[in-house]
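Student:
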Amino acid sequence: MSYLHDAPGRYGGGSMSNIRTHILGYPRIGEQRELKKATELYWKGEIPRAALEAIGKDLRKRNWQKQAAAGIDLVPCNDFSFYDQVLDAACLFGNVPPRFTWDGGSAGLDLRFQIARGAREVKKDDGSCCGGSCGTGTGETSGGFAGEMTKWFDTNYHYIVPEFRADTKFKLSDTKIFNEFHEAKALGLNPKPVLVGPVSYLTLGKVQDADHADFNRYDLLERLLPVYEDILARLAAEGAEWIQLDEPVLALDLDAEQKACFAASYERLAKAAGTAKLLVASYFGELRDNLPLFLGLPVAALHYDAVRCAAEVEKLLASFPADKILSLGVIDGRNIWKNDFDASLGLLEQAKQKLGAERLWVSASCSLLHTPVTLASEKKLDAEVKDWLAFADEKLAEISTLAALLSGTGDEAALEANRASQKRRRESPRIHNPAVKARVAAVTAADGQRASAFPQRQQVQREKLKLPLFPTTSIGSFPQTAEVRAARAKWKKGALSDADYDAFLKEETRKCVEWQDEIGIDMPVHGEFERNDMVEYFGEQLDGYVFSQNGWVQSYGSRCVKPPILFGDITRPRPMTVEWTTFAQSVTKNPMKGMLTGPVTILNWSFVRDDQPRAVSCKQLALAIRDEVLDLEKAGVRVIQIDEAALREGLPLRRSEWQEYLDWAVESFRITASGVRDETQIHTHMCYSEFNDIIAAIADMDADVITIETSRSNMELLDAFVEFQYPNEIGPGVYDIHSPRIPTVEQMERLIQKAGAVIPQGNLWVNPDCGLKTRGWAEVKPALVKMVEAARRLRVAAGAEAAV
-7 MSYLHDAPGR
3 YGGGSMSNIR
13 THILGYPRIG
23 EQRELKKATE
33 LYWKGEIPRA
43 ALEAIGKDLR
53 KRNWQKQAAA
63 GIDLVPCNDF
73 SFYDQVLDAA
83 CLFGNVPPRF
93 TWDGGSAGLD
103 LRFQIARGAR
113 EVKKDDGSCC
123 GGSCGTGTGE
133 TSGGFAGEMT
143 KWFDTNYHYI
153 VPEFRADTKF
163 KLSDTKIFNE
173 FHEAKALGLN
183 PKPVLVGPVS
193 YLTLGKVQDA
203 DHADFNRYDL
213 LERLLPVYED
223 ILARLAAEGA
233 EWIQLDEPVL
243 ALDLDAEQKA
253 CFAASYERLA
263 KAAGTAKLLV
273 ASYFGELRDN
283 LPLFLGLPVA
293 ALHYDAVRCA
303 AEVEKLLASF
313 PADKILSLGV
323 IDGRNIWKND
333 FDASLGLLEQ
343 AKQKLGAERL
353 WVSASCSLLH
363 TPVTLASEKK
373 LDAEVKDWLA
383 FADEKLAEIS
393 TLAALLSGTG
403 DEAALEANRA
413 SQKRRRESPR
423 IHNPAVKARV
433 AAVTAADGQR
443 ASAFPQRQQV
453 QREKLKLPLF
463 PTTSIGSFPQ
473 TAEVRAARAK
483 WKKGALSDAD
493 YDAFLKEETR
503 KCVEWQDEIG
513 IDMPVHGEFE
523 RNDMVEYFGE
533 QLDGYVFSQN
543 GWVQSYGSRC
553 VKPPILFGDI
563 TRPRPMTVEW
573 TTFAQSVTKN
583 PMKGMLTGPV
593 TILNWSFVRD
603 DQPRAVSCKQ
613 LALAIRDEVL
623 DLEKAGVRVI
633 QIDEAALREG
643 LPLRRSEWQE
653 YLDWAVESFR
663 ITASGVRDET
673 QIHTHMCYSE
683 FNDIIAAIAD
693 MDADVITIET
703 SRSNMELLDA
713 FVEFQYPNEI
723 GPGVYDIHSP
733 RIPTVEQMER
743 LIQKAGAVIP
753 QGNLWVNPDC
763 GLKTRGWAEV
773 KPALVKMVEA
783 ARRLRVAAGA
793 EAAV
């Protein structure tokens, strides 16, 4: 059977070459974050569901037309989501956790929001939302804690984790994928439906079945495949030429069972697709031992990430099957640097010589979901650095230009312009700082060692801080209200003077600290009202960074971040946080916790230069943050938190490469923290992660206190620390700040008791899961009051109101 496509046509524009172009996905948030704003209005009950859906439909239309106009032959559909594409797939398959009220019919938008955010009583049945928590739209009472959220491979995108049980059943339960296919067809386009593949779906999920300890998620494959078969058959019947199935787990270490699942799945799916052709997409890492499995899949086309895996392309081509098309992802879908056309054309020409033009497609390495939408909105971005960049829209043009150049129909002037831009970047004097390089070279092992071991430090810190048992604190940020955002916007526009803005921020800080004292928080924080983002705020004060105005990317749900752009060697010209922390300390007699973002997180949450190893950039950041830590200590700050929320997400996908990464990541953290005296308490914080595999590295960071997100997993993530016998102090989060649900005192008390049963009480802190920036005061105040009351009850029960 031949899988070769017909001669490519022109769909809504189409490419000018005879080599086909496509992408795996496109940013869904809108150039001005229209989706975020509309979704949050819906959650507040300020617009009806119909209005939200109309905005989504308009965004999809604009996105598709933009791609077609740029010369993309096959535009993806079903890559759009109001929250998360994995959650959409779960609802498509009818994989709804039983704690949510669902009548078994259509698993629609409100149900997806419930699973993502947690559910509470639904008061309306008119399709509008219910005041901060979304329901089914049925008018019934519904409840349930939110689905667990974790990072999508080694990116900063979060997905809602599918849940599996021995009795999990699947059925086609939503029409979103079909609706959006028809929307794109109606615009005269040739849409390519996108769906996470069955093996990746099962691998990325989690077993939640305490009654069946020996249950194997892959046993569900036989129940899941008929739903996939129905979907593929229906799409083919409705006119789909191509269907894309994403299988990014091919970049992981797969066991024999997972590999067998691939063979079992695609033999069936290829038949079910009928007249439609299947494209299986792998990305984020080399295939290595999975390469024969990938090449042997009985599908029409295979997509390969040639950005992260360029060294493997030759091996791929040497054994590429004669009956398949190769989609080569040469444009970086995860970073913002302009493509080096000469380098990409070298790979593409190699593939063309091997396969022929009719069997080669040009694409981005992965979905463009991970990049900002367009440089066209950047009116103030540093002109020199802007010349080196390409956001999603510019990447569309790069794909079409490369395809045309490869076909011999391209504009040679575009190639020369690209070469000139690459040369300007390489030779720019702003990139390299000899003093920074010399300082990094001078780092020794002693720079990463505290003066004393933890037990000695712990005793000194207890004597100095005099905290009670179960000390309460928060992770750092407090609500960034509309008033705070408005004041910042006025200040940036020059409508509010520096002095007035400073006075406003100090008043917000004072009120926040005094309120924490009033309710009994043992270790307050200053609230971070002066900060726009935990990474951007520091990047703005470091040389070697530039910033976009609208370079937003989706992190999770309606949460968008604007990663700073690390383009050169890093220095800290002046203190960054000392003034705000010392002001906050002046408001309270309790120990004020200084708040910093760690070097690994700043690195992983930035768009990072690609002209030197990431480890080198990270060590430069570590030295800059070390200077800030020492300045805080000199100013009298006794507790300093250095957040490493993104430590785990930087792990390479292959275990064989983990240790190298962990070595330089842990070293970078220790460089930042190890210059202080014993009495200075160092905290760190980590977001949702599977900690088991890296617990030794976490312990090696040697932070005095670590806070982690555990409430969504019902303290399950704490198990790694227990089994390892983690020696230092720990604050497992007792309520989920990503959900609008306000937990009861009893619920938090139970979680603390559960932690206290396995962690020495003297080492246990009480805190929320994460920062409170995205929540409202109406949620934060009662939740923290209840958290303090839960800690107080446990002290009473322990007969330990006195200090430890």
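Taken in order, the sequence shown gives residues -7 to 796; the numbers are from our numbering. C-beta atoms are modelled at their ideal positions from N, C-alpha and C, and glycine is treated no differently.
Out of F286, V199, L289, R300, which has the shortest C-alpha to C-alpha gap to F276?
Tutor: Translated into positions along the sequence shown, residue 276 becomes position 284. When each option's Cα is compared against that of F276, the closest is R300.
Student: Taking the continuous beta strand (DSSP E) assigned at Q673, which residues delimit it?
Tutor: In the sequence shown, the residue the question calls residue 673 occupies position 681. Start and end: 673 to 678.
Student: In the DSSP assignment, what are the bridge partners of K585?
Tutor: Within the sequence shown, numbered from 1, the residue matching residue 585 stands at position 593. Beta-bridge pairing links K585 to V631.
Student: In chain order, what residues of the same chain have a beta carbon less than 7 Å from the beta carbon of L764, not counting five sequence neighbours either side?
Tutor: The residue given as residue 764 occupies position 772 in the sequence shown. The answer, listed in chain order, is S466, S469, F470, P471, I729, V772.
Student: Specify, as a first and last residue, the run of the alpha helix (DSSP H) that F72 falls within.
Tutor: Locating residue 72 in the sequence shown gives position 80, where the first residue counts as 1. Element bounds for F72: n/a, residue is neither H nor E.
Student: Over the uninterrupted alpha helix (DSSP H) stretch that includes E721, give me the two end residues.
Tutor: Residue numbering aside, residue 721 sits at position 729 when the sequence shown is read from its first letter. Where E721 is concerned, there is no enclosing alpha helix (DSSP H), although the beta strand (DSSP E) it sits in stretches over 721 to 724.
Student: Give every residue of the same chain whose Cβ lies closer than 7 Å to the Cβ of S369, excluding the five residues on either side of it in the sequence, and list them in chain order.
Tutor: Locating residue 369 in the sequence shown gives position 377, counting from the first residue. Here the set comprises E23, Q541, N542.
Student: Return the residue from the list Y258, G266, L212, L461 that minimises the CA-CA distance to A228.
Tutor: Counting from one through the sequence shown, the residue named residue 228 turns up at place 236. It is G266.
Student: Consult DSSP for R422 and reduce its assignment to one of helix, strand or coil.
Tutor: The residue you call residue 422 lines up with position 430 of the sequence shown. DSSP places R422 in coil when its eight states are reduced to three.
Student: When the distance is taken between beta carbons, is T569 closer than 9 Å to L588?
Tutor: Here residue 588 is taken as the residue at index 596 of the sequence shown, counted from 1. Here residue 569 is taken as the residue at index 577 of the sequence shown, counted from 1. Yes, these two residues count as a Cβ contact at 9 Å.
Student: Starting from H150, follow its DSSP beta bridges and name the residues at the other end.
Tutor: As a working note, residue 150 is residue 158 in the sequence shown. BP columns for H150 point to K143.
Student: From what residue to what residue does the beta strand (DSSP E) around G531 run?
Tutor: Position 539 of the sequence shown, counted from the first residue, corresponds to residue 531. No beta strand (DSSP E) holds G531; the alpha helix (DSSP H) holding it covers 528 to 531.
Student: At which residues does the alpha helix (DSSP H) containing Y258 begin and terminate?
Tutor: Here residue 258 refers to the residue found at position 266 of the sequence shown. It spans 248 to 264 - the alpha helix (DSSP H) in which Y258 sits, taken as one unbroken run.
Student: Which word fits E641, buried or exposed, when buried means at least 16 other C-beta atoms lie within 10 angstroms of its C-beta?
Tutor: Indexing the sequence shown from 1 puts residue 641 at position 649. Answer is buried; the Cβ neighbour count reaches 16.
Student: Nearest to L407 by CA position, among G667, E38, P185, N331, is which residue?
Tutor: Against the sequence shown, residue 407 aligns to sequence position 415. Among G667, E38, P185, N331, the Cα nearest to that of L407 is on N331.
Student: Might you give, ordered along the chain, the residues of its own chain that have their beta carbon closer than 8 Å to the beta carbon of D670, omitting 5 neighbours on each side?
Tutor: One-based indexing of the sequence shown puts residue 670 at position 678. Only R442, A443, S444, Q448, R449, V452, Q453 meet the Cβ criterion.
Student: Determine, using beta carbons only, whether A637 and T593 come nearer to each other than 9 Å.
Tutor: As a working note, residue 637 is residue 645 in the sequence shown. As a working note, residue 593 is residue 601 in the sequence shown. Less than 9 Å divides the Cβ of A637 from the Cβ of T593.
Student: Is the beta carbon of E419 within less than 8 Å of some heavy atom of the ligand NAD?
Tutor: Ligands in the displayed structure: none, and consequently the ligand NAD is not present.
Student: Measure how close the beta-carbons of I557 and G590 come, nearest whole angstrom, since I'm counting them as under 8 Å.
Tutor: As a working mapping, residue 557 is identified with position 565 in the sequence shown. As a working mapping, residue 590 is identified with position 598 in the sequence shown. Incorrect: roughly 19 Å between the Cβ atoms, too far for contact.
Student: Hey, Q236 and P68 are a contact pair by Cβ (cut 8 Å); roughly how many whole angstroms apart?
Tutor: What you label residue 236 is simply residue 244 of the sequence shown in a count that begins at 1. What you label residue 68 is simply residue 76 of the sequence shown in a count that begins at 1. About 7 Å; that satisfies the 8 Å criterion.
Student: Please state if the CB of T167 and the CB of V241 are separated by a distance shorter than 9 Å.
Tutor: Within the sequence shown, the letter at position 249 stands for residue 241. Within the sequence shown, the letter at position 175 stands for residue 167. No; because the gap between Cβ atoms is not below 9 Å, this pair is not in contact.
Student: Compute the Euclidean distance between the alpha carbons of G96 and R41, then round it to the nearest angstrom.
Tutor: For the purposes of this step, residue 96 is taken as the residue at position 104 of the sequence shown. For the purposes of this step, residue 41 is taken as the residue at position 49 of the sequence shown. Distance between the alpha carbons of G96 and R41: 21 Å.
Student: By Cβ distance below 8 Å, which residues in the same chain neighbour G48 in space, the five residues on each side in sequence not counted?
Tutor: The residue labelled residue 48 in the question sits at position 56 within the sequence shown. These residues qualify, in order along the chain: L27, A30, F72, F74.
Student: For G489, count neighbouring Cβ atoms within 10 angstroms of its own Cβ and tell me buried if that reaches 16, exposed if not.
Tutor: As a position in the sequence shown, residue 489 is number 497, starting the count at 1. Going by the sequence as given, residue 489 is Ser instead of Gly. So S489 ends up on the exposed side.
Student: Inspect the beta-carbon positions of E715 and N755 and report whether they are closer than 9 Å.
Tutor: On the sequence shown, position 723 is the one that residue 715 refers to. On the sequence shown, position 763 is the one that residue 755 refers to. Cβ distance not < 9 Å, so E715 and N755 don't count as in contact.
Student: Identify, in the order they occur along the chain, each residue of the same chain with its Cβ nearer than 6 Å to the Cβ of V631, setting aside the five sequence neighbours on each side.
Tutor: Taking the first residue of the sequence shown as 1, we reach residue 631 at position 639. Non-local C-beta neighbours of V631 in its own chain, meaning closer than 6 Å and more than five positions away in sequence, comprise P583, K585, Q673, ordered along the chain.
Student: Using the three-state DSSP reduction, which class does L273 fall into: helix, strand or coil?
Tutor: Stepping through the sequence shown from its first residue, residue 273 is reached at position 281. Just to set this straight, residue 273 is Ala in the shown sequence, not Leu. Reduced to three states, the DSSP call for A273 is strand.
Student: With 16 as the cutoff for other CB atoms within 10 Å, does E172 come out buried or exposed?
Tutor: Against the sequence shown, residue 172 aligns to sequence position 180. Buried: at least 16 other Cβ atoms inside 10 Å.
Student: Taking the alpha-carbon positions, what's the S371 to W483 distance?
Tutor: Along the sequence shown, one-based indexing puts residue 371 at 379. Along the sequence shown, one-based indexing puts residue 483 at 491. One point to set straight first is that residue 371 is Lys, not Ser, in the sequence displayed. Per the coordinates, the alpha-carbon of K371 lies some 18 Å from the alpha-carbon of W483.
Student: Taking only the alpha-carbon atoms, compute the straight-line gap between S501 and R480 and give it to the nearest angstrom.
Tutor: On the sequence shown, residue 501 is found 509 positions in, with the first residue counted as 1. On the sequence shown, residue 480 is found 488 positions in, with the first residue counted as 1. Note that residue 501 is Thr in the sequence shown here, rather than Ser. When rounded, the distance between both Cα atoms is 14 Å.
Student: Using three-state DSSP, classify E155 as helix, strand or coil.
Tutor: The residue you call residue 155 lines up with position 163 of the sequence shown. Three-state DSSP puts E155 in a strand.
Student: Are the region 104 to 112 and the region 724 to 744 in contact at 8 Å, needing three or more beta carbon pairs?
Tutor: Output reads yes: the region 724 to 744 touches the region 104 to 112.
Student: Roughly how many angstroms separate the alpha carbons of I722 and E532, rounded to a whole number?
Tutor: To locate residue 722, count along the sequence shown from 1; it is residue 730. To locate residue 532, count along the sequence shown from 1; it is residue 540. The straight-line gap from Cα to Cα measures roughly 31 Å.
Student: Can you find at least 3 beta carbon pairs, one from the region 258 to 273 and one from the region 216 to 233, that sit closer than 8 Å?
Tutor: Three or more pairs of CB atoms, one per stretch, sit closer than 8 Å, so the region 258 to 273 contacts the region 216 to 233.
Student: Put G536 into one of helix, strand or coil per three-state DSSP.
Tutor: If you number the sequence shown from 1, residue 536 lands on position 544. Note: G536 maps to strand in three-state DSSP.
Student: Are the CB atoms of W650 and L639 nearer to each other than 9 Å?
Tutor: Position 658 of the sequence shown, counted from the first residue, corresponds to residue 650. Position 647 of the sequence shown, counted from the first residue, corresponds to residue 639. No. Outside cutoff.
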